[in-house]
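**Student:**
Numbering (the working numbering), first residue to last: 38 to 318.
Quick look at the structure:
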């Protein structure tokens, strides 16, 4: 059965050229030569060269092998298939639909289990899709009762009118986020949303100019502590990230859950006290 879009068995020349451009972009992002990719995908360098130059039309199976070798996210795999004239393979389902009910239930369970400490669900653009009550309590405390103007963690941290003044070690936290954004843009060359978000973050006031350049070869600290202030009190948290490693859906593939844990007893006690106030205990 022909799985291509439309009736032609050969995609237009422009589509074939687009496939080659995508593969070259991804090879550059991975810093791979044609030989590196060909060996990892189990094909000849000549065949790969023909695909990249548009002299050969890749099959779906070959595109899958190349995508596996390049470790492409599901969204980018779909883009590669569509560029070659095939239908997208991976669905992108809203988290609110019945199809993802089990996933949402698992996420809600993780958020609930994290109480009385904060936890957030974020997508690839760092939009906060869900959060537990502890996250709302801590945010309300350090924001002095104000509500964040943004539903995006990058904007919250970088906007001087939002959460930024409450972050004691702002340069450490914001610098780590910028590093992740630079890595995301480099690893996913077609993610224009990530590139736009990076430029937006860099445009906020008093952002160090050195952050405009990606620092290659730097090793991030094994544990980043976020220090928040509320009046004279400080809260110290470190975070862990949970992802769905076997997803076959674009939405789930791009989700990650950030769980915050107290670094010291004072932070733990304050979080418990906030929870008791919230429940009237």
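For every residue, glycine included, the Cβ atom is placed at its ideal position computed from N, Cα and C. No experiment lies behind these values; they were computed from the predicted model shown.
Between residue 167 and the rest of its own chain, which residues show a CB-CB distance below 6 Å, the 5 nearest in sequence each way excluded?
**Tutor:** Correct list, in chain order: 158.
**Student:** What residue does the alpha helix (DSSP H) around residue 138 start on, and which one ends it?
**Tutor:** Counting along the chain, the alpha helix (DSSP H) containing residue 138 begins and ends at 138-150.
**Student:** Where do the ends of the beta strand (DSSP E) carrying residue 295 lie?
**Tutor:** Start and end: 293-299.
**Student:** At which residues does the beta strand (DSSP E) containing residue 158 begin and terminate?
**Tutor:** Its beta strand (DSSP E) spans residues 156-159.
**Student:** Only counting runs of 4 or more residues, tell me where the alpha helix (DSSP H) segments fall wholly within the stretch 226-288, in order along the chain.
**Tutor:** 229-239, all fully within the stretch 226-288.
**Student:** Using the Cβ count rule (16 or more neighbours within 10 Å means buried), how would you classify residue 193?
**Tutor:** Per the 10 Å Cβ criterion, buried.
**Student:** Alpha carbons only, please: which of 243, 262, 70 and 110 is nearest the one belonging to residue 286?
**Tutor:** Cα-wise, what sits closest to residue 286 is 110.
**Student:** Buried or exposed, going by whether 16 or more other CB atoms sit within 10 Å of the CB of residue 64?
**Tutor:** Buried is the call here.
**Student:** Using a Cβ-Cβ cut-off of 7 Å (strictly less than) and excluding sequence neighbours within five positions of residue 239, which residues of its own chain qualify?
**Tutor:** Here the set comprises 248 and 249.
**Student:** For my contact list, residue 95 and residue 311 are in at a C-beta cut-off of 8 Å; report their separation, rounded to the angstrom.
**Tutor:** 56 Å between Cβ atoms; not a contact.
**Student:** Do you know how far the Cα of residue 215 is from the Cα of residue 296?
**Tutor:** When rounded, the distance between both Cα atoms is 20 Å.
**Student:** Mind the definition here: the stretch 122-140 touches the stretch 260-268 only if three or more C-beta pairs lie below 8 Å; say whether that holds.
**Tutor:** Flag = no, the stretch 122-140 and the stretch 260-268 do not touch.
**Student:** The alpha helix (DSSP H) with residue 165 in it runs from where to where?
**Tutor:** Residue 165 -> not in any alpha helix (DSSP H); beta strand (DSSP E) instead, spanning 165-168.
**Student:** If we cut at 8 Å on Cβ distances, does residue 240 have a partner in chain B?
**Tutor:** Among the chains of the structure shown, chain B does not appear; only one protein chain is present.
**Student:** Return the CA-CA distance between residue 115 and residue 97, expressed in angstroms with no decimal places.
**Tutor:** Residue 115 and residue 97: Cα-Cα distance of roughly 11 Å.
**Student:** Would you grab the beta carbon distance between residue 290 and residue 298 for me? Rounded to a whole angstrom, and I think it's under 8 Å.
**Tutor:** Not a contact, Cβ separation roughly 25 Å.
**Student:** Among the residues of its own chain, which have a CB less than 8 Å from the CB of residue 203, if the five just before and after it don't count?
**Tutor:** Same-chain partners within the cutoff: 179, 180, 265, 266 and 267.
**Student:** What are the boundary residues of the alpha helix (DSSP H) that residue 219 is part of?
**Tutor:** 207-224 is the span of the alpha helix (DSSP H), which, as asked, contains residue 219.
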